[in-house]
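According to the UniProt record's numbering, the sequence shown is numbered sequentially starting from 1.
Every residue gets a Cβ at the ideal spot worked out from N, C-alpha and C, and that includes glycine.
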Amino acid sequence: HLCLLAGWPMQKWRLNEAVATFEDLEKKGFIPNVVIYNVIIDGLCEAGKIKDAANMFSKLLSRGLQPDCTTYNIMMKGICKKGLLTQANQLLGKMEKHGCRPDWITYNTLIRGFLNNNEVQGALQLIDVMTAKGFQADAQIASLVFDLLS
């Protein structure tokens, strides 16, 4: 079951089945690791079920597991897609507080979220923070900034 879940293609029509399998395995004593949680959280985020993804994230924490950068980046992407930029900034703060150092994926995801929601000033501030920490914006970010500023 572990291999099935970890490699599960998370099409929207199979997401409920994957979550049900996950919960069934837990009831049978299976203790999932962060990678398995990431698969489920990613599927929920991709389906736009941010509240369910946040609940799964909380469940991960309640089990005593530490989310990794991938977990945070998955949540960040889902939150940004919904335009929940305040929550995205809060998640960035939690990420840093819990000792998970944001990477270039984190910053590019956040910046893309700000730009896609026409929050150019916030995106530019994040670009400053990102470059001060030694990261560079990807080509798509640069293109989005130029398009919005021209």
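Quick check on DSSP: helix, strand or coil for residue i?
i, result
"N55", "helix"
"S150", "coil"
"C3", "Low per-residue confidence applies at C3: pLDDT is 42, beneath 50, and the placement is therefore not dependable, though the value from the model is reported in the following sentence. Reduced to three states, the DSSP call for C3 is helix."
"K49", "coil"
"L60", "helix"
"K28", "coil"
"L15", "helix"
"W8", "Per-residue confidence for W8 stands at a pLDDT of 48, beneath the threshold of 50, marking its modelled position as unreliable; the derived number appears in the next sentence. Correct three-state label for W8: coil."
Using C-beta distances below 6 Å, list every residue in its chain close to residue i, excluding the 5 sequence neighbours before and after it, in chain order.
i, result
"R101", "none"
"W104", "F135"
"L15", "G43, A47"
"G7", "Low local confidence applies: a pLDDT of 47 at G7 is under 50, so the model's placement there is unreliable, with the coordinate-based value given in what follows. Correct list: empty, nothing qualifies."
Sorry if obvious, but does the Cβ on residue i come closer than 7 Å to a heavy atom of the ligand MN?
i, result
"D147", "With respect to small molecules bound, the structure shown includes none, and the ligand MN cannot be examined in it."
According to the Cβ coordinates, are residue i and residue j closer than 8 Å?
i, j, result
"L110", "L124", "no"
"P32", "E23", "no"
"L61", "V34", "no"
"residue 228", "A137", "Since the first residue of the chain shown is 1 and the last is 150, residue 228 is not available in this structure."
"I40", "M56", "yes"
Could you spell out the range, first to last residue, of the alpha helix (DSSP H) harbouring residue i?
i, result
"D42", "34-46"
Please list, in chain order, all residues of the same chain as residue i whose beta carbon is under 8 Å from its beta carbon, the five residues on each side excluded.
i, result
"I50", "L44, G78, I79, K82, L84"
"G122", "L85, F114"
"V120", "F114, V145, L148, L149"
Leaving out the 5 sequence neighbours to the left and right, which residues in its chain are closer than 7 Å to residue i when beta-carbon positions are compared?
i, result
"L126", "Y107, L110, I111, F114"
"K59", "none"
"N117", "G83, L85"
Comparing the C-beta of residue i with each C-beta of chain C, is any distance below 8 Å?
i, result
"E96", "Absent from the structure is chain C; it holds one protein chain and no more."
query: Enumerated in chain order, which unbroken segments of the alpha helix (DSSP H) with a length of 4 residues or greater are wholly contained in the segment 75-147?
result: As far as the segment 75-147 is concerned, its whole alpha helix (DSSP H) runs of at least 4 residues are 85-97, 104-116, 120-132.
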